[in-house]
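Be aware that the sequence shown starts at 12, since it is given in the numbering used here, and climbs by one per residue.
See structure below.
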Amino acid sequence: MTEQTAATRNVDDAELAKFADQAHKWWDKDSEFKPLHEINPLRLGFIDKHAHLAGKRVLDVGCGGGILSEAMAKSGASVTGLDLAEKSLKIAKLHGLESGVTVDYRCLAVEELAAAEPASFDVVTCMEMLEHVPNPTSVVAAVAQLAKPGGWVFFSTINRNPKAYLHAVVGAEYILGLLARGTHEYAKFIKPSELARMARNNGLEMIELKGMGYELIAKSYHLSDDATVNYLLASRKAAA
């Protein structure tokens with residue numbers, strides 16, 4: 012792979028540094044990554060309901076420490092995990108050795124993989140990543156290119172509105188301490204209509220939109236029809 016600048020790689024070096032500093036905590040369920048562990052069954056169930064993971068070739072874009080990647084592999088998928096944060100990938104690989112779950116982790120930009128291996132995956136996931144990159148449209152175009160005709164593409168990100176700011180930034184980062192302060196930048200949040208348009212412009216049909224809510228009393232997450240804060244989007248590439 013040729014050396015690239017942050018600008019040409021569609022990556023924010025400050026974001027990479029942020030996750031590099033926390034990389035050792037990926038599998039600590041009481042750390043800043045606790046919410047990811049708690050929503051993982053919801054994400055996995057949503058994906059498997061549509062795509063039926065067993066036996067499928069899956070790409071997890073922005074895989075981080077491998078929380079979702081390992082879960083999909085345990086469901087019978089052949090999983091490739093993609094990320095540009097090398098420290099996170101090292102943690103993912105180490106955890107895979109401990110857990111015995113096989114995932115092919117690669118430190119590579121999704122746009123580069125799309126150019127090299129178009130139409131190669133039955134399922135592509137891009138979870139909690141779009142709000143951390145300079146050009147989310149480029150990522151959506153790349154994941155659409157990587158999906159096979161008839162393949163599934165899943166996204167999750169955060170809506171952009173006052174309620175989302177209060178819940179995902181003020182509440183989660185500053186009041187409840189569910190996430191490290193500075194995890195999110197409100198201006199990078201994406202409305203479902205914007206994401207659906209990006210998907211549609213790249214040949215993806217939106218199949219289902221679901222919100223992920225948090226119950227303060229029960230301290231648990233659930234899927235709902237309220238997508239005003241965190242949401243999941245299932246889309247499908249047209250068959251050949």
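Quick reminder that beta carbons are idealized off the backbone N, C-alpha and C, glycines included.
To the nearest angstrom, how far is the alpha carbon of residue i from that of residue j?
i: A161; j: E142; result: Residue identity check: residue 161 is Gly in the sequence provided, not Ala. About 26 Å.
i: C118; j: P46; result: 24 Å
i: N212; j: A155; result: 10 Å
i: K159; j: A249; result: 9 Å
i: G111; j: H63; result: 22 Å
i: A31; j: I102; result: 10 Å
i: I228; j: D236; result: 20 Å
i: L108; j: L100; result: 12 Å
i: E14; j: T239; result: At E14 the pLDDT is 41, less than 50, meaning the model places this residue with poor confidence; the figure from the coordinates comes in the next sentence. Rounded to whole angstroms, E14 to T239 spans 39 Å at the Cα level.
i: A84; j: S246; result: 21 Å
i: K221; j: I169; result: 12 Å
i: L55; j: A179; result: 21 Å
i: Y197; j: R171; result: 7 Å
i: A207; j: F57; result: 17 Å
i: H61; j: V134; result: 10 Å
i: A120; j: G224; result: 31 Å
i: A152; j: A96; result: 21 Å
i: A173; j: V150; result: According to the sequence provided, residue 173 is Pro. The question's Ala does not apply to it. Looking at the two C-alpha atoms, the distance is approximately 25 Å.
i: Y232; j: H48; result: 11 Å
i: F44; j: A34; result: 10 Å
Check for me: the beta strand (DSSP E) holding residue i runs from which residue to which?
i: I46; result: This sequence places Pro at residue 46; Ile is not what is there. Careful: P46 lies outside any beta strand (DSSP E), inside the alpha helix (DSSP H) at K45 to A62.
i: A245; result: N241 to K248
i: E219; result: L215 to E226
How far does the alpha helix (DSSP H) with residue i in it reach, from first residue to last?
i: E122; result: V121 to A127
i: S80; result: I78 to K85
i: G92; result: Not the alpha helix (DSSP H): G92 falls in the beta strand (DSSP E), residues S89 to D94.
The ligand FAD heavy atoms versus the CB of residue i: any closer than 7 Å?
i: P160; result: Although the ligand FAD was asked about, the structure shown includes no ligands whatsoever.
To the nearest whole angstrom, what separates the beta carbons of residue i and residue j, a pair I think is in contact under 8 Å?
i: A125; j: A88; result: Contact doesn't hold; Cβ gap of about 20 Å is too wide.
i: Y242; j: P203; result: 6 Å
Under a Cβ-count criterion, where at least 16 other Cβ atoms within 10 Å of its own Cβ denotes burial, should residue i be classed as buried or exposed?
i: L79; result: buried
i: L70; result: buried
i: V22; result: buried
Ignoring anything shorter than 3 residues or poking outside the segment 122 to 182, list the beta strand (DSSP E) runs there in chain order.
-> The segment 122 to 182 contains these whole beta strand (DSSP E) runs: 132 to 138 and 158 to 169.
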